[in-house]
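Here's the structure, in structure tokens; my notes come after.
Numbering (my numbering), first residue to last: -6 to 382.
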């Protein structure tokens, strides 16, 4: 595989990275694995593009990386050493020198049992023996079409007490047909993956979006909460009222329009995005986050997405260095907005400079809350004396 880094954007010294754009799953896996370390791997994260069949990727993974513990998911795009991509198989390996892990597959996911999920998470954390001086956090990868992430993350937060939880919902292109998570040697739908990580590295959680609230508010007057569908806003058909509020025709509503005109919900002093997925056949609006009757929704106004990306990724470690790696979970609607504005090269430059690796999601998990159109990440800092900057 060609070297995808430059002198001005040095690669992470902590993790191994393999990337392939091959059309065949076996060839793609073979090319990606060549760039990975031969030994010392604790686990690998595998992010799969829409064009590769999950079962074929699992089979190729068993052939080319047979002894490595692997987690991952299907995606709505990848963040590689080159920045934003759509057709790349990305593998990131984490070394035993700095990481330990324990995992659990939650399957079937729907419907989520809050009590059972919290108990399962608590038991996993209890069985995972602590290492003196190391710190812990949790990663969650969930079926992005399950409509269960809100309850799932709340249950995990309850079961894991003060352990921070980050993650993303698996993607699968714009058709919204299916998404899968990888655990062990196979992919699963209607499932979620909980990974407890322990590391001796300093790390910081990241979460930001690029929207400000406007004065335009709408009340959900009829909804199907289990389906995340709003039938009425302000007593009118939902799609009709939303289109009126943003000043366009119903027939013009599209993912691009939704990406540029999201709904916001206030939680204490923070604003979380409730993104719209599509218009339903009966004139309702299907959302990618929890929705309920009586919820007050505020129309969001976009800020400069490149500026907020730059400022959001500018995090420093306890001793001042920039991150060696940012593991990123970035909403596919953010990438869509960037593509539509023709600024993919500029955004990719920012991602490269800050050493971001990850994938584009159908939703993000950040400290007990499921959100949309948000960048969520974990920044890892090299040990003292190994600052890569």
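Virtual Cβ for every residue (Gly too), placed ideally from N, Cα, C.
Can you give me the C-alpha to C-alpha distance between residue 162 and residue 173, rounded to a whole angstrom?
Rounded to the nearest angstrom, the two C-alpha atoms are 9 Å apart.
When you compare each of 339, 375, 371 to residue 157 by their alpha carbons, which one comes out closest?
The shortest C-alpha separation from residue 157 is found at 371.
Pick from 273, 164, 236 that is closest to residue 41, judged by C-alpha positions:
Taking only the C-alpha atoms, the option nearest residue 41 is 164.
In the structure shown, what three-state DSSP assignment does residue 65 receive?
Three-state DSSP puts residue 65 in a strand.
Check whether the stretch 54 to 62 touches the stretch 338 to 352, taking contact to mean three or more Cβ pairs, one atom from each stretch, closer than 8 Å.
The stretch 54 to 62 vs the stretch 338 to 352: no contact.
Within the stretch 127 to 169, note down every full beta strand (DSSP E) run reaching 3 residues or more, in order along the chain.
List check, beta strand (DSSP E) in window: 128 to 135, 158 to 162.
How far does the alpha helix (DSSP H) with residue 57 in it reach, from first residue to last?
Looking at the DSSP string, the run of the alpha helix (DSSP H) that includes residue 57 is 47 to 57.
Using the DSSP secondary-structure output, state which residues sit across from residue 292 in a beta bridge.
The partner list for residue 292 (beta bridge, DSSP) reads 256.
Cβ-based burial, residue 143 [other Cβ within 10 Å; buried from 16]
Residue 143 is buried by the Cβ-count criterion.
Terminal residues of the beta strand (DSSP E) in which residue 19 lies:
Counting along the chain, residue 19 falls outside any beta strand (DSSP E), though it belongs to the alpha helix (DSSP H) covering 18 to 27.
Whose C-beta lies closer than 7 Å to the C-beta of residue 235 among residues of the same chain, with five residues either side of it excluded?
Only 226, 278 meet the Cβ criterion.
Where residue 366 falls: helix, strand or coil (DSSP)
Residue state, collapsed to three classes: coil.
Status (buried if at least 16 other CB within 10 Å, exposed otherwise) for residue 296:
Per the 10 Å Cβ criterion, exposed.
Three-pair Cβ contact test at 8 Å for the stretch 354 to 371 versus the stretch 197 to 204
Contact between the stretch 354 to 371 and the stretch 197 to 204 is present: three or more C-beta pairs spanning the two stretches fall below 8 Å.
For residue 354, the three-state DSSP class (helix, strand or coil):
It is a strand residue.
So what's residue 306 in DSSP terms, helix, strand or just coil?
In this structure, residue 306 counts as helix in the three-state DSSP scheme.
Within 10 Å of its beta-carbon, does residue 392 have 16 or more other beta-carbons around it, so buried, or fewer, so exposed?
There is no way to answer for residue 392, as the model of the chain reaches only from -6 to 382.
When 202, 271, 188, 267 are compared against residue 245, the one with the closest alpha-carbon
Considering only alpha carbons, the answer is 271.
Tell me which residues share the same chain as residue 124 and place their Cβ nearer than 7 Å to its Cβ, disregarding the 5 neighbours each side in the sequence.
Excluding sequence neighbours, residue 124 sits near 93, 191.
The stretch 41 to 55 touching the stretch 107 to 121, judged by at least three CB pairs closer than 8 Å:
With a cut-off of 8 Å, the stretch 107 to 121 and the stretch 41 to 55 do not count as touching, because too few Cβ pairs lie within range.
In whole angstroms, what is the alpha-carbon distance linking residue 212 and residue 287?
Rounded to the nearest whole angstrom, the CA to CA distance from residue 212 to residue 287 is 6 Å.
By the three-class DSSP mapping on this structure, what secondary structure does residue 101 have?
It is coil, neither helix nor strand.
Quick one: measure Cβ to Cβ for residue 132 and residue 188, integer angstroms, because I've assumed they're closer than 8 Å.
Confirmed, Cβ separation roughly 4 Å.
For residue 69, count neighbouring C-beta atoms within 10 Å of its own C-beta (all shown protein chains included) and say buried if the count is 16 or more, exposed if not.
Under a 10 Å Cβ-count criterion, residue 69 is classified as buried, with 16 or more other Cβ atoms of the shown protein chains found around its own Cβ.
Buried or exposed: where does residue 155 fall if 16 or more other Cβ atoms within 10 Å of its Cβ makes it buried?
The residue is exposed, with fewer than 16 neighbouring Cβ atoms inside 10 Å.
Collapsed DSSP secondary structure at residue 8 in the structure displayed:
Residue 8 falls in the coil class under three-state DSSP.
Under the three-state reduction of DSSP, which class applies to residue 198: helix, strand or coil?
Here residue 198 carries a strand assignment [DSSP, helix/strand/coil].
Whole-Å CB distance - residue 348 paired with residue 5, under 8 Å assumed
Yes, they are in contact, since the Cβ atoms of residue 348 and residue 5 sit about 5 Å apart, within 8 Å.
Status (buried if at least 16 other CB within 10 Å, exposed otherwise) for residue 22:
Classification for residue 22: buried.
Report yes if the C-beta distance between residue 120 and residue 152 is below 9 Å; otherwise report no.
No; because the gap between Cβ atoms is not below 9 Å, this pair is not in contact.
Can you pull the DSSP bridge partners for residue 359?
Per DSSP, 159, 362.
Local Cβ density within 10 Å of residue 17, reported as buried at 16 or more and exposed below that
Using a 10 angstroms sphere on the CB of residue 17, the tally of other CB atoms stays under 16, which defines it as exposed.
Proximity below 9 Å, CB of residue 127 to CB of residue 202:
By the CB criterion at 9 Å, residue 127 and residue 202 fall outside the cutoff.
For residue 363, count neighbouring C-beta atoms within 10 Å of its own C-beta (all shown protein chains included) and say buried if the count is 16 or more, exposed if not.
By the C-beta density criterion, residue 363 is buried, having at least 16 other C-beta atoms within 10 angstroms.
Coarse secondary structure for residue 267, derived from DSSP in three states:
It is a strand residue.
With a Cβ-Cβ cutoff of 9 Å, do residue 87 and residue 8 count as a contact?
Yes, they are a contact pair.
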